[in-house]
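Data block below; observations after.
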Amino acid sequence: MAENTTSEGKEEVLQQRRTRIEYLALIAEIVSAIAVVISLGFVGLQLRGGNTVMLRNESNATMAQWSTFRASVYTDRDTAMIFQSGMDATPPLDAADRLRFLYLMREHAWATFQIWDRARKGLVPDANFRMGAAPDYLRVICTPGGAAAWAEIKAELPEPYVADMDGLAVSYAQTRGVVCQPAAE
Numbered sequence: 005m006a007e008n009t010t011s012e013g014k015e016e017v018l019q020q021r022r023t024r025i026e027y028l029a030l031i032a033e034i035v036s037a038i039a040v041v042i043s044l045g046f047v048g049l050q051l052r053g054g055n056t057v058m059l060r061n062e063s064n065a066t067m068a069q070w071s072t073f074r075a076s077v078y079t080d081r082d083t084a085m086i087f088q089s090g091m092d093a094t095p096p097l098d099a100a101d102r103l104r105f106l107y108l109m110r111e112h113a114w115a116t117f118q119i120w121d122r123a124r125k126g127l128v129p130d131a132n133f134r135m136g137a138a139p140d141y142l143r144v145i146c147t148p149g150g151a152a153a154w155a156e157i158k159a160e161l162p163e164p165y166v167a168d169m170d171g172l173a174v175s176y177a178q179t180r181g182v183v184c185q186p187a188a189e
């Protein structure tokens, strides 16, 4: 019977050790779960910072593209005169100047598209398009020559962008009393 008691005592000690090990394992699981949550929080902060940098880079790239276009107009008087004459459409441009004007209009349209596309994808605030690039381009396409050029070049641009610009042109024309469609010939 003494052997039986000793055996029961060993079993009891082993059971206590198993219980302690189970508790320690449970505590270790809890600690590791907390560590995982903390590390995920840290990764989230890093992603947020990276996204902020990426958004800033997108804005900088957009600004650089626009600066190049604007510089082509304000640093070269001939380009500015062709742009103005093309928008006025009086007198009509000769073939070479019309070609140059249409290329300026395409460049302006594609630069505006880049902001529209970035705003649609959430890379820049929507206001960059709605309050900046769109009204700027509408001031151009809602002129006699601009409307005619827009009608000619919009087939070369993505349809959703053209639909947005045409929709904005309707309200722009109504509020400003201008015509954004080419005159019927």
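Residue numbers (my numbering): 5 to 189. Idealized CB from N, CA, C, for every residue including glycine.
Would you call the CB atoms of D101 and G149 closer than 8 Å?
no
Pop quiz: V128 and S63 are said to be a contact at Cβ under 8 Å. What is the actual Cβ separation, rounded to whole angstroms?
6 Å
Rounded distance between the beta-carbons of W120 and Y165, thought under 8 Å:
About 5 Å separates the CB atoms of Y165 and W120; that is less than 8 Å, so the two are in contact.
On the criterion of 16 or more Cβ atoms from any shown chain inside 10 Å, does L49 qualify as buried, or is it exposed?
exposed
State yes or no: is the C-beta of H112 within less than 8 Å of the C-beta of Y78?
no
Do A153 and M85 have their CB atoms nearer than 8 Å?
It is not a contact, given that the beta carbons lie outside the stated cut-off.
If I follow the unbroken alpha helix (DSSP H) through D92, where does it start and stop?
R81 to D92
Taking the Cβ atom as the reference point for each residue, do P95 and A151 lie within a distance shorter than 8 Å?
no
Within 10 angstroms of its Cβ, does A39 collect 16 or more other Cβ (buried), or is it exposed?
exposed
Just mark T10 as buried or exposed, buried being the case when its beta carbon has 16 or more other beta carbons within 10 Å.
exposed
Cβ-based burial, T179 [other Cβ within 10 Å; buried from 16]
exposed
Could you compute how far the alpha carbon of G13 sits from the alpha carbon of E26?
20 Å
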